[in-house]
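**Q**
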Amino acid sequence: MAGFDPKMLAKMGVNVSTFGDMNAFGDPNWYQAFNNPGFYNNTHKVLRATVREFVEAEIMPNVHEWDEAGVIPQEVYQKIGSLGLLPMTVGRPWPKEFAGECPLGYEPDYFHELILYDELSRTGSGGFLWGLAGGLVIGLPPVLKWAQPDVKKRVVPDVLKANKVICLAITEPTAGSDVANLKATAVKEGDHYIVNGEKKWITNGIFADFFTVAVRTGSAKDGMKGLSLLLVEKTMPGVKTRKMKCSGVWSSGTTYITFEDVKVPVGNLIGKENQGFKMIMNNFNHERFAICCMTNRFSRVCLEESLKFASKRKTFGKALVQHDVIRWKLAEMARHVEATHAWLENVTYQLQTMHHMEATMKLGGSTALLKVQCTKVFEYCAREAAQIFGGLSYTRGGQGEKVERLNREVRAMAVPGGSEEIMLDLGIRQSKKIAEMAQKIIGQNPQLQAKL
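Its first residue numbered 81, the sequence shown is counted upward by one per residue in my numbering.
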């Protein structure tokens, strides 16, 4: 439609609304003059513009340096907090008891949260995103939902402003996805629990002031029925942390934690004793949703960077993008990314419209399978982007900065929150269980058949 007057096209009913750089597949298609799928209103567009401006000005120029240094200045998260964005990441509804009325002027929904993660993930830095999601997003919700009122009052406001840092400490040297077999113990003695054990690969742990810790309060044979959650504080004697050296996400502070006879007040128990497994599982859906939002944008970053590079890099007398095999690679990446984003929007819509109990019950399997889809697509796109960039994808910094970094961080998205193998099994088991429940209900109530 080159040469057409945009005003004339708009008058004809042609969508000419765009946002961003308009690199093909560089953003979700409703940013690029495709019709709004109906999930987004003006508040979503304003949020999108706000976050993008912040990312371009405050994060993009610095994220490589932060990653190399292994730390993100806390003031950066505080700036995000000052924009009123951090409470958006801990689930619905907006926690106004601790954060006041939403300064954005509306009640954020899951599509606002999707946009927030998506725009922040344009940085192409798992370290930056895990610095946010690996602490606040997964560590605070159990406290916000189930801690004692005085604990909430003492912890939640400062964490939501990024004045304090919290992390979730579940994984151990010998237990990751197998949560029911955790070994860290909490023995009740009077008004305290005495906590002993180790936690490994804990994101944000080295920076954390508070730890939401899964501990065994029952016996080993109790399995999942003997787990509890405790809020442990860094100032408590016996808490030791050391930073781990990992392949990627360097700035997120992956940590090995040791608890040696740590005295934790009984009042720091989150929820009820021996009910921790249910709370951990309840927390997983939202964690996996956040991982999916970040991961598919990382895939899109690989695609966008590849297309931009292939359009200017010349080999054998012509631009890379003029070679059939390179266009094939880009097309394969594009179809994976676009299909996955459509699935992500569908799950987001279900989260937004279902009752919380219904979503917890129905979406466990779907979210698990979506996580696998996102991380497998990411792995594919990271590899293909590296092939297109060649040696630049093996060099830290420079033109291939994002692609090199993201290649190191594939496993950091594929393993945390449930490994692909566990997620595939969970996805089928959960979905089959829901289908069987529906069949049973229909069998008992045939009149419901037409409604389902």
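Ideal placement from N, C-alpha and C gives every residue a C-beta, glycine not left out.
Over the uninterrupted alpha helix (DSSP H) stretch that includes Thr-447, give me the two end residues.
**A** Residues 436 to 469.
**Q** Helix, strand or coil for Ile-80? Go by DSSP, reduced to three states.
**A** The structure shown does not extend to residue 80, since the chain spans only 81 to 532, so no value can be given for it.
**Q** Whole-angstrom Cβ separation of Thr-440 and Asn-365, contact assumed at under 8 Å?
**A** Indeed, because the Cβ distance is near 6 Å, the residues count as touching under 8 Å.
**Q** Answer with buried or exposed for Met-72, where buried requires no fewer than 16 other C-beta atoms within 10 angstroms of its C-beta.
**A** Given that the chain is displayed from residue 81 to residue 532, the structure contains no residue 72 and the question cannot be resolved.
**Q** Buried or exposed for Val-267, please, with buried defined as at least 16 other CB atoms from any protein chain shown within 10 angstroms of its CB.
**A** By the neighbour-count rule (16 or more Cβ atoms within 10 Å), Val-267 is not buried but exposed.
**Q** Let me confirm a value: Ile-406 is counted as buried when at least 16 other C-beta atoms fall within 10 Å, else exposed. Which label applies?
**A** So Ile-406 counts as buried.
**Q** How about Lys-482 and Gly-204: do their beta carbons lie closer than 8 Å?
**A** Their beta carbons are under 8 Å apart, which means Lys-482 touches Gly-204 by this criterion.
**Q** Tell me whether Asn-354 sits in a helix, a strand or coil according to DSSP, three-state version.
**A** In this structure, Asn-354 counts as coil in the three-state DSSP scheme.
**Q** Buried or exposed: where does Trp-330 fall if 16 or more other Cβ atoms within 10 Å of its Cβ makes it buried?
**A** The residue is buried, with at least 16 neighbouring Cβ atoms inside 10 Å.
**Q** Report the option in Leu-443, Phe-389, Asp-404 whose CA atom is closest to the CA atom of Ala-466.
**A** Per the Cα distances, Phe-389.
**Q** Please name the residue in Phe-134, Lys-263, Thr-338, Gly-270 whose C-alpha comes closest to that of Tyr-197.
**A** For Tyr-197, the nearest C-alpha among the options comes from Phe-134.
**Q** Tyr-336 by DSSP, collapsed to three states: which one?
**A** Three-state result, Tyr-336: strand.
**Q** Taking all protein chains shown into account, decide if Leu-532 is buried (16 or more other Cβ within 10 angstroms of its Cβ) or exposed.
**A** Confidence at Leu-532 is low in this model, with a pLDDT of 44, below 50, so its placement is unreliable and no value can be given for it.
**Q** Taking DSSP's pairing of strands, which residues face Phe-119 in a bridge?
**A** None; Phe-119 has no bridge partner.
**Q** Where does Ala-249 fall in DSSP's three states?
**A** DSSP places Ala-249 in strand when its eight states are reduced to three.
**Q** Looking at the unbroken beta strand (DSSP E) that takes in Ala-179, where does it start and where does it end?
**A** Note, Ala-179: premise wrong, no beta strand (DSSP E); alpha helix (DSSP H) at 176 to 179.
**Q** Let me check understanding here. Comparing Cα to Cα, which of Gly-477, Gln-453, Asn-363 lies closest to Leu-224?
**A** Out of Gly-477, Gln-453, Asn-363, Asn-363 has the C-alpha closest to the C-alpha of Leu-224.
**Q** By the three-class DSSP mapping on this structure, what secondary structure does Pro-167 have?
**A** Helix at Pro-167.
**Q** Between which two residues does the beta strand (DSSP E) containing Lys-482 stretch?
**A** No beta strand (DSSP E) contains Lys-482, which is instead part of the alpha helix (DSSP H) from 481 to 488.
**Q** Quick one: residues in its chain with C-beta nearer than 7 Å to the C-beta of Pro-221, no 5 flanking neighbours on either side, listed in chain order?
**A** Taken in chain order, the residues that qualify are Val-170, Gly-171, Asn-363, His-366.
**Q** Nearest-angstrom Cα distance between Gln-527 and Ile-521?
**A** Approximately 10 Å, taken between the alpha carbons.
**Q** Helix, strand or coil for Gln-158? Go by DSSP, reduced to three states.
**A** It is helical.
**Q** With distances taken from CA atoms, which of Leu-449, Asn-95, Glu-412 is nearest Asn-426?
**A** Out of Leu-449, Asn-95, Glu-412, Leu-449 has the C-alpha closest to the C-alpha of Asn-426.
**Q** Compare the C-beta of Val-245 with all C-beta atoms of chain D and state if any pair is closer than 8 Å.
**A** Of the protein chains in this structure there is only one, and it is not chain D.
**Q** Could you pull out every residue in the same chain whose Cβ sits closer than 8 Å to the Cβ of Leu-387, ignoring the five residues on either side in sequence?
**A** Once the five neighbours on either side are set aside, the close Cβ partners of Leu-387 are Asn-103, Ala-104, Phe-105, Gly-106, Val-401, Leu-410.
**Q** Tell me the rounded alpha-carbon separation between Gln-479 and Phe-469.
**A** Taking the straight line joining both Cα atoms gives about 9 Å.
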